[in-house]
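Visitor: According to this note's numbering, the sequence shown is numbered sequentially starting from 401.
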Amino acid sequence: MYSKIRSGEYLAQVLVLGLLLLTATAGGLKAQEKTEGTMTFTVRTVTVNGNFSPRHVLAIWVEDANGFVLTRKLRAEKRKQYLYTWDSNSGGDVTDANTGATLSSHQTHTVTWDCTDKDGAIVADGEYKVYVEFTEAHEQGPLRMIAFTKGPEAVSLSPDNDANFKDQTLLFEPKVTVEAGFTFIADELKVDFTNTSIGADSYEWDFGDETISQEENPSHTYAGTGTYAVTLKAISGANSASDMQEVTVTSTVGIGVSGLDTPLIYPNPTNGFVTLNLDKDAGSSTIRIFTSKGSLIYARQVRGRDSYKIDMSSFESGAYILSVEDQLRTYRKSIVKE
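1. Taking 8 Å as the threshold, find out whether the segment 634-644 comes into contact with the segment 700-708 through three or more Cβ pairs.
2. Considering only residues of the segment 532-582, which uninterrupted beta strand (DSSP E) runs meet the minimum length of 3 residues and lie entirely inside it, listed in chain order?
3. Assign Thr-445 to buried or exposed, taking buried as 16 or more other Cβ atoms, counted over all protein chains shown, within 10 Å of its Cβ.
4. Which residues mark the beginning and the end of the alpha helix (DSSP H) in which Asn-489 is found?
5. Enumerate in chain order the residues of its own chain whose CB-to-CB distance from Arg-544 is below 6 Å, with the five nearest sequence positions on each side excluded.
6. Within its chain, find whatever has a CB closer than 7 Å to the CB of His-538; leave out the 5 residues flanking it on each side and keep chain order.
7. Would the beta-carbon of Phe-468 fall within 8 Å of that of Asn-498?
8. Can you check whether the CB of Val-578 is closer than 8 Å to the CB of Ala-641?
9. Any idea if Phe-572 is buried or exposed, counting beta-carbon neighbours within 10 angstroms, 16 or more meaning buried?
10. Spatial neighbours of Ser-504 within its chain, please: C-beta separation below 8 Å, excluding the five flanking residues on both sides.
11. Closer than 7 Å by C-beta to Val-414: which residues in its own chain qualify, once you throw out the five before and the five after it? Chain order, please.
12. If I'm right that Ala-623 touches Glu-646 with Cβ under 8 Å, what's the distance once you round it to whole angstroms?
13. What does Leu-664 pair with, by DSSP beta-bridge criteria?
14. Locate the beta strand (DSSP E) running through Asn-639, then write down its first and last residues.
15. Who are the near neighbours of Tyr-402 in its chain, counting only those whose CB is closer than 6 Å to its CB and skipping five residues on each side?
16. Taking just the CA atoms, how far does Cys-515 sit from Pro-617?
17. Helix, strand or coil for Lys-529? Go by DSSP, reduced to three states.
18. Between Asp-711, Asp-681 and Gly-683, which has its C-alpha nearest Pro-667's C-alpha?
19. To which residues does DSSP link Lys-737 through a beta bridge?
20. From the DSSP output, in three-state form, read off Gly-654 for me.
21. Smallest Cα separation from Phe-534: which of Asp-567, Trp-461 and Phe-548?
22. Would you identify the three-state DSSP class for Gly-427, choosing helix, strand or coil?
23. May I ask you to report which of helix, strand or coil DSSP gives Lys-478?
24. What's the C-alpha gap between Thr-611 and Tyr-603?
25. Thinking just about the alpha-carbon of each residue, which of Val-736, Thr-686, Phe-673 and Ile-689 is nearest to the one in Lys-709?
26. Return the residue from the list Leu-722, Thr-442 and Asp-464 that minimises the CA-CA distance to Gly-731.
27. Could you tell me how far apart the beta carbons of Leu-557 and Val-649 are, in whole angstroms, since I believe they sit closer than 8 Å?
28. Would you mind working out which of Arg-700, Asp-681, Asp-560 and Ser-684 sits nearest Phe-690, comparing C-alpha positions?
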């Protein structure tokens, strides 16, 4: 009986230990998530009227829970040892930092951080601290720290001013994967576009005919037959992606006389010859082919023919306007060369 109880207690302890290990492991995995992004910090410094004022040395750097991560700016020609906090925490490391001479006046500073360490590796998500320190004397000067959480969510902070640090802002923008894409359905000159982009919250369309739109799923009607390069730019903050596709639209416009059949044109689309069935009783017929932009590239006059073949094999792929004109009518039709 005693042995069974002890065995049961042991089994329960093992289960509890297993759950604790699983929880700790899951927490560790979560802590290792590494969101790419950009942190931007801006601050304006104000003098403390030190011995060498307004000349001063300055440092801005980033730390995490374990200490120093990266210096973002150091302005100190010879007196950087008096930036006591920075010097102690960083060991004087200025890897990938913006460095320069001692400052002769107070000003606004803006630094960015791409969330990498001094080895260029993306750091783990979590809390980070941005420090700014300056001194105008051989002694500890003003020091300010702003903390933010790096992760999948954007951060925007505007800390209160104090005597020596004004107009502070901190922005963190996680990198968002944006993919641009769209499908479309053309009905003669009208095209309905369906946006299939991923990760975007705004859009810019260029329909290739000097018209644009910011709608998510626009419809657009073109002025004439042609092939247009349509570009969609999908945007999320500072991130964007683009997709370009060629859209061909065609339009059939006929002007005829009652009782007369319009010419039969086949095959359409074509990859070579196209045949026109004509009315030989209509007398002389003038056949012309225009590009989608209206340039004449083919012209022939035929008389008394039931049909006429045109070799389009040397034409570039795209849409064209074919015009047949005789004494009774003018007929125009869009034809596509594949």
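All residues carry an ideal CB built from backbone N, CA and C; glycine is no exception.
Guide: So, from the listed chains and residues:
1. no
2. 543-550, 555-557 and 565-574
3. Indexing the sequence shown from 1 puts residue 445 at position 45. Its Cβ being crowded by 16 or more others within 10 Å, Thr-445 is buried.
4. Working through the sequence shown from its first residue, we reach residue 489 at position 89. Here the alpha helix (DSSP H) through Asn-489 covers 484-490.
5. Locating residue 544 in the sequence shown gives position 144, where the first residue counts as 1. Taken in chain order, the residues that qualify are Val-532 and Phe-565.
6. The residue given as residue 538 occupies position 138 in the sequence shown. Cβ within range, chain order: Tyr-482.
7. Reading the sequence shown from its first residue, position 68 is the one you call residue 468. Reading the sequence shown from its first residue, position 98 is the one you call residue 498. Contact: no.
8. Residue numbering aside, residue 641 sits at position 241 when the sequence shown is read from its first letter. Residue numbering aside, residue 578 sits at position 178 when the sequence shown is read from its first letter. Taking 8 Å as the Cβ cut-off, Ala-641 and Val-578 qualify as a contacting pair.
9. In the sequence shown, the residue the question calls residue 572 occupies position 172. Label assigned to Phe-572: buried.
10. As a working note, residue 504 is residue 104 in the sequence shown. Once the five neighbours on either side are set aside, the close Cβ partners of Ser-504 are Pro-454 and Arg-455.
11. Residue mapping note: residue 414 aligns to position 14 of the sequence shown, counting from 1. Residue confidence for Val-414 is low, a pLDDT of 44 falling below 50, so the modelled location carries little weight and cannot support an answer.
12. Position 223 of the sequence shown, counting from 1, holds the residue named residue 623. Position 246 of the sequence shown, counting from 1, holds the residue named residue 646. The Cβ separation is near 17 Å, so there is no contact.
13. Here the question's residue 664 lines up with position 264 in the sequence shown. Paired residue(s): Asn-677.
14. Counting from one through the sequence shown, the residue named residue 639 turns up at place 239. Looking at the DSSP string, the run of the beta strand (DSSP E) that includes Asn-639 is 639-649.
15. Locating residue 402 in the sequence shown gives position 2, where the first residue counts as 1. Caution applies to Tyr-402, whose pLDDT of 44 falls short of 50 and renders its modelled position unreliable; the model cannot decide the point.
16. By 1-based counting over the sequence shown, the position of residue 617 is 217. By 1-based counting over the sequence shown, the position of residue 515 is 115. What sits at residue 617 in the sequence shown is Asn, not Pro. Straight-line Cα distance between these residues: approximately 35 Å.
17. Counted from its first residue, the sequence shown places residue 529 at position 129. Correct three-state label for Lys-529: strand.
18. Position 267 of the sequence shown holds residue 667. Answer by Cα proximity: Asp-711.
19. Sequence index remark: in the sequence shown, residue 737 carries index 337 (1-based). Answer is Thr-670 and Gly-718.
20. Residue numbering aside, residue 654 sits at position 254 when the sequence shown is read from its first letter. Residue confidence is low: Gly-654 scores 43 on pLDDT, short of 50, so the model does not pin down where it sits. No coordinate-derived value is stated.
21. As a position in the sequence shown, residue 534 is number 134, starting the count at 1. Cα-wise, what sits closest to Phe-534 is Trp-461.
22. Position 27 of the sequence shown, counted from the start, is the residue given in the question as residue 427. Residue confidence is low: Gly-427 scores 44 on pLDDT, short of 50, so the model does not pin down where it sits. Its coordinate-derived value is still stated next. Looking at Gly-427 - three-state DSSP - the assignment turns out to be helix.
23. By one-based count along the sequence shown, residue 478 stands at place 78. Three-state result, Lys-478: coil.
24. As a first step, residue 611 must be located in the sequence shown, where it is residue number 211. As a first step, residue 603 must be located in the sequence shown, where it is residue number 203. Approximately 14 Å, taken between the alpha carbons.
25. Within the sequence shown, the letter at position 309 stands for residue 709. Here the closest residue by C-alpha is Phe-673.
26. Residue numbering aside, residue 731 sits at position 331 when the sequence shown is read from its first letter. Note on identity: in this sequence residue 731 is Tyr, with Gly being the wrong assignment. Per the Cα distances, Leu-722.
27. Locating residue 557 in the sequence shown gives position 157, where the first residue counts as 1. Locating residue 649 in the sequence shown gives position 249, where the first residue counts as 1. That belief does not hold up - the Cβ atoms of Leu-557 and Val-649 are roughly 50 Å apart, past 8 Å.
28. Stepping through the sequence shown from its first residue, residue 690 is reached at position 290. Looking at the Cα atoms, Arg-700 is the closest of the given residues.
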